[in-house]
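The next block holds one structure in the form of structure tokens; read it before the comments.
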Amino acid sequence: MMMRSAIICAGLLLAGCGKSTPQADTQPRDWRYYVANPDEIEPMQKICRKWAGSTASTDTEPAVVTTNCRAAAFAKSQLQITN
Numbered sequence: 021m022m023m024r025s026a027i028i029c030a031g032l033l034l035a036g037c038g039k040s041t042p043q044a045d046t047q048p049r050d051w052r053y054y055v056a057n058p059d060e061i062e063p064m065q066k067i068c069r070k071w072a073g074s075t076a077s078t079d080t081e082p083a084v085v086t087t088n089c090r091a092a093a094f095a096k097s098q099l100q101i102t103n
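Set out below in structure tokens:
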């Protein structure tokens, strides 16, 4: 019984060792920035995917990430419409 408890506890500890919270070293941008700098869209979306795949709760996601993710996605859609 004690061995089973140890295995379960070890499994739970390892389950918590998923992807860590990504860093958010980025400046706040709006969609006009991304339209003017389309080469910045994919790097921002890469950061967005890291946050989406992390184990961090959505309330810990910095507002700059949320804002920039939305701005980059909107700019990308606008660029696709005009091209």
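Numbering (the working numbering), first residue to last: 21 to 103.
Built from N, CA and C at the ideal position, the CB exists for glycine as well.
Check                                                                                                                      : Outcome
Local conformation of Gly50 per DSSP, three classes                                                                        : Checking the sequence shown, residue 50 turns out to be Asp, not Gly. Correct three-state label for Asp50: coil.
Nonlocal neighbours in the same chain, by C-beta distance under 6 angstroms from Met64, ignoring five residues either side : Asn88 and Ala92
Three-way DSSP call (helix, strand, coil) for Ser97 in this model                                                          : helix
For Thr75, the three-state DSSP class (helix, strand or coil)                                                              : coil
Best match in Val85, Ile101, Ala95 and Asn103 for proximity to Pro48 [C-alpha to C-alpha]                                  : Val85
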